[in-house]
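Inspection log for the structure reproduced underneath, given as structure tokens.
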Amino acid sequence: MKVAVIGAGTIGSAVAKALAEAGYQVTATRRHIEKVKWLEEAGVRLERDNRKASKEADIVIIAVKPNKVGKVLEEIRNEVKGKIVISLAAGIPLKLLKEFAPEAKFVRAMPNIAVLVKESFTAYATQDLGEEEIETVEKLFSAFGKCLRIEEEYMDAITGLSGSGPAYVSVFLEAMMYGGLKVGLPRDIARLAAAQTLLGTAKLLLELGDHPAEIRDMVITPGGTTIDGIFELEEGKIRTAIMKAIDAATKKSKILSTRILNST
Numbered sequence: 052m053k054v055a056v057i058g059a060g061t062i063g064s065a066v067a068k069a070l071a072e073a074g075y076q077v078t079a080t081r082r083h084i085e086k087v088k089w090l091e092e093a094g095v096r097l098e099r100d101n102r103k104a105s106k107e108a109d110i111v112i113i114a115v116k117p118n119k120v121g122k123v124l125e126e127i128r129n130e131v132k133g134k135i136v137i138s139l140a141a142g143i144p145l146k147l148l149k150e151f152a153p154e155a156k157f158v159r160a161m162p163n164i165a166v167l168v169k170e171s172f173t174a175y176a177t178q179d180l181g182e183e184e185i186e187t188v189e190k191l192f193s194a195f196g197k198c199l200r201i202e203e204e205y206m207d208a209i210t211g212l213s214g215s216g217p218a219y220v221s222v223f224l225e226a227m228m229y230g231g232l233k234v235g236l237p238r239d240i241a242r243l244a245a246a247q248t249l250l251g252t253a254k255l256l257l258e259l260g261d262h263p264a265e266i267r268d269m270v271i272t273p274g275g276t277t278i279d280g281i282f283e284l285e286e287g288k289i290r291t292a293i294m295k296a297i298d299a300a301t302k303k304s305k306i307l308s309t310r311i312l313n314s315t
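All the letters of the sequence shown, read from the start, carry residue numbers 52 to 315 under my numbering.
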């Protein structure tokens, strides 16, 4: 299957690479091709012409910034008639995507940068696709990691949680690493210990199906070391800070949507 990725920026390049490695024939577009020449090593064909790439593709993925989605769709609207078009842009509702290219079949999706290591969580919403087409799309998304179909009303919240999530987790990981440095660990050991601890904990949560609090209580013992650490985290209101971060990012996604709707 031929896939065109329109906009080989950070996320677009990650998506193009993952799909090429999964066996798709991928063409990625970008104005300055020289900046993404490395994609050719993964088998991605590079192209400057959005129309040409879209015309030759079976599925088109839009990976440009939200304020450029309308312009791109108007440019390629004749080339995507009857085709599945997947928008990765935050804040752009299916209704508006349909107005830009009425004869395309749209999917609104939100992966995250973990596409680079095929461990993304990709949520998507659609109103146009039949069951066979949904299977096709989910097979494509499986090249990124795990995927889940959701109601479109939750897409802004997904943007705030898992779309932006790797940035929050990176801050937490950095803090753990610096904590290790503070108590005397060499930098490479602190980095590995922090990252593997996070990875292992996430795997525990997914495989055991427990509430995070149950995993926490597996570690805490009366009068032990962990309870003192938890006390400090609670005093620093870490949970409140993370919840506020997700809430703020969700609200920003909704604002982006409102701005774009008002400008059309």
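Even glycine gets a Cβ: it sits at the ideal position worked out from N, Cα and C.
Going by the CB atoms, is the gap between leucine 145 and arginine 128 shorter than 9 Å? Stepping through the sequence shown from its first residue, residue 128 is reached at position 77. Stepping through the sequence shown from its first residue, residue 145 is reached at position 94. With contacts defined as CB atoms closer than 9 Å, arginine 128 and leucine 145 fail to qualify as a contacting pair.
Beta-carbon gap between glutamate 150 and alanine 176 smaller than 9 Å: Residue numbering aside, residue 150 sits at position 99 when the sequence shown is read from its first letter. Residue numbering aside, residue 176 sits at position 125 when the sequence shown is read from its first letter. The answer is no: Cβ separation not under 9 Å.
So alanine 140 and isoleucine 113 are supposed to be a Cβ contact under 8 Å. How far apart are they, rounded? By 1-based counting over the sequence shown, the position of residue 140 is 89. By 1-based counting over the sequence shown, the position of residue 113 is 62. Correct: roughly 6 Å between the Cβ atoms.
The beta strand (DSSP E) spanning glutamate 98 covers which residue range? By one-based count along the sequence shown, residue 98 stands at place 47. For glutamate 98, the uninterrupted beta strand (DSSP E) run begins and ends at 96-98, by DSSP.
Segment limits, alpha helix (DSSP H) that includes lysine 190: Here the question's residue 190 lines up with position 139 in the sequence shown. Per DSSP, lysine 190 belongs to the alpha helix (DSSP H) from 182-192.
In terms of residues, what are the limits of the alpha helix (DSSP H) holding methionine 52? The residue given as residue 52 occupies position 1 in the sequence shown. Annotation for methionine 52: no alpha helix (DSSP H) segment contains it, and DSSP assigns it neither H nor E.
Can you give me the Cβ contacts of glutamate 51 inside the same chain, cut-off strictly under 7 Å, excluding the 5 residues immediately before and after it? Only positions 52 to 315 of the chain appear in this structure, which leaves residue 51 out of reach.
Quick check on the DSSP output: the alpha helix (DSSP H) that includes phenylalanine 223 runs from which residue to which? For the purposes of this step, residue 223 is taken as the residue at position 172 of the sequence shown. It spans 216-233 - the alpha helix (DSSP H) in which phenylalanine 223 sits, taken as one unbroken run.
To the nearest angstrom, how far is the alpha carbon of glutamate 170 from that of threonine 210? Within the sequence shown, the letter at position 119 stands for residue 170. Within the sequence shown, the letter at position 159 stands for residue 210. Between glutamate 170 and threonine 210, the C-alpha separation is close to 16 Å.
With DSSP collapsed to three states, give me the class of alanine 59. The residue given as residue 59 occupies position 8 in the sequence shown. Alanine 59: coil per DSSP, three-state reduction.
As assigned by DSSP and simplified to three states, the class of glycine 142: Within the sequence shown, residue 142 is the residue found at index 91, counting from 1. If DSSP states are grouped into helix, strand and coil, glycine 142 belongs with coil.
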